[in-house]
Amino acid sequence: MRGREPQTSAAQMPQAAMRAEHDACEHGMAISGWQLECLQLSAGPFESHLFQTRFEHLQLIRERTNRALLKRGAGWAGSVVFSLPLAASGDGWTGGRPITYPSGLLADGQDLPELVTPVELDLVCIALDRQWFALQADALGHAALAQRLRQREILVIPPSRLHALQALFRELFCEISQRPAVLGFENARREIQNAIIEHIVEALAASVSVEPREDTPRKATADRARALALADASETLDIGGICRRLSVSRRHLQNCFLSSYGQTATHVLRAIRLNGVRRELRHHAQLGVRVSIGDIAARWGFWHWSRFAEDYRKHFGELPSATVQGGKALPAWQSFPAVPKTDNAWRR
23 MRGREPQTSA AQMPQAAMRA EHDACEHGMA ISGWQLECLQ LSAGPFESHL FQTRFEHLQL
83 IRERTNRALL KRGAGWAGSV VFSLPLAASG DGWTGGRPIT YPSGLLADGQ DLPELVTPVE
143 LDLVCIALDR QWFALQADAL GHAALAQRLR QREILVIPPS RLHALQALFR ELFCEISQRP
203 AVLGFENARR EIQNAIIEHI VEALAASVSV EPREDTPRKA TADRARALAL ADASETLDIG
263 GICRRLSVSR RHLQNCFLSS YGQTATHVLR AIRLNGVRRE LRHHAQLGVR VSIGDIAARW
323 GFWHWSRFAE DYRKHFGELP SATVQGGKAL PAWQSFPAVP KTDNAWRR
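Numbers given in this note's numbering equal positions in the sequence shown, counted from 1, plus 22.
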């Protein structure tokens, strides 16, 4: 994850906008107020469509991605984050356990679990001010839920309660796509926020509290292997060397990764290193600094140039030289109508 930066408050977020991305790292950085790192795990050209807007006390995000991602980070200070997939091509993973679709989860925005997403994912996230949200639950007659929110419990919504929420958000995004100007009216925004809150509170009232779960032993082993592989990028221990360091068999290590990430150790570790190269190439390109692609690749342990270039092309759908050329300009936001100035809570 990038170094800790001053976190954005809800009132400092940009207005409603859509954005298309072709880089997983830039996708994570584009979510306002969050400190989010996204690494592309599955191979092929990455594409995402990101929508985000903020209301008086909540932030609404929809992200559609076409590659498996390793995601970790945190939302803005004082938030709780409700996650709801609208569609998914398969299960995700967290802590070495599968996340079965569909599933709805509310967690502390400052303590979000590391996730591996399915290849195709259409995900809605709602970040809410915790204290305000607890007051709304109280006002709607759910005092017990309000108390659970204040106690920072992790809440899981049963599948039977998810369909109504999915229908609400599908209808909402369909309406916004057809009539984006609706977001320019304060009364409309207030009604949308109220509808979101009422539906989420009703669903959470039937939720189950779960204790934070430690990573499975296999996930812990896989993470130790990750740490060894990346402790010194120039050393680049191979799988055999990592197995010797951890005193485990190659087969056991592969099983640890398969049950934690859904992919082999070889693939995950190579993907993380390739992402490291790509991040450096884009960073230097955006700064206008000329660098040696070969030197950066070698620093991440890719000593065989032609093999590296082919691995890079297969993983990202382009050669590293194309990344350098394409990284000089970032995609622009497509803005929706401005929020009315009478919306005082969102003034800077």
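In this text, a Cβ means the ideal position worked out from N, Cα and C, and glycines have one as well.
Between Ala-244 and Tyr-283, the C-beta gap is smaller than 9 Å, which places the two residues in contact. The residues Ile-261, in chain order, have a CB closer than 7 Å to that of Thr-288 in the same chain once the five nearest residues on each side in sequence are set aside. In the DSSP annotation of this structure, the continuous segment of the beta strand (DSSP E) that includes Glu-43 starts and ends at 39 to 43. Going by beta carbons, Gly-126 and Val-204 fall outside the 9 Å limit. When the beta-carbon positions are compared, Ile-83 and Cys-147 come within less than 9 Å of each other. Taking all protein chains in view, the Cβ of Leu-309 is surrounded by fewer than 16 other Cβ atoms within 10 Å, so the residue is classified as exposed. Inter-segment contact for the segment 231 to 240 and the segment 110 to 121 is present: three or more beta-carbon pairs are separated by less than 8 Å.
Listed in chain order, the non-local C-beta contacts of His-337 below 6 Å within the same chain comprise Ala-65 and Leu-296, local neighbours out to five positions each way being set aside.
Per DSSP, the beta-bridge partners of Pro-107 are Leu-145. By the C-beta criterion, the segment 221 to 228 is judged to be in contact with the segment 178 to 198, since at least 3 inter-stretch pairs fall below 8 Å.
Between Ile-294 and the set His-49, Gln-57 and Lys-93, the nearest pair of CA atoms involves Lys-93. The DSSP-derived three-state label of Gly-348 is helix.
DSSP, reduced to helix, strand and coil, places Phe-207 outside both helices and strands of the structure shown, so it counts as coil. Taking C-alpha positions only, Leu-167 is separated from Leu-268 by approximately 44 Å. Going by DSSP, Pro-239 is part of the alpha helix (DSSP H) stretching over 239 to 253. Put simply, the backbone Cα of Leu-162 is about 8 Å away from that of Glu-220. Residue state for Trp-56 is assigned as coil, using DSSP reduced to three classes. For Leu-190, the enclosing alpha helix (DSSP H) stretches over residues 184 to 200.
Counting the other CB atoms within 10 Å of its CB gives Ser-70 a total of 16 or more, which places it among the buried residues.
In this structure, Ser-105 sits away from Gln-81, with a CB-CB distance that is not shorter than 9 Å.
Beta-bridge annotation (DSSP): Phe-73 is paired with Met-40 and Arg-84. For Ala-46, the enclosing alpha helix (DSSP H) stretches over residues 46 to 51. If you compare the alpha carbons of Thr-87, His-79, Asn-88 and Ala-109 with that of Ala-99, the shortest gap goes to His-79. Just measuring C-alpha positions, the residue of Arg-172, Leu-187 and Arg-301 sitting nearest Pro-124 is Leu-187. With a beta-carbon spacing of about 25 Å, Asp-45 and Ser-101 fall beyond the 8 Å limit used to define contacts.
Boundaries of the beta strand (DSSP E) harbouring Arg-119: 119 to 121, taken from the DSSP string.
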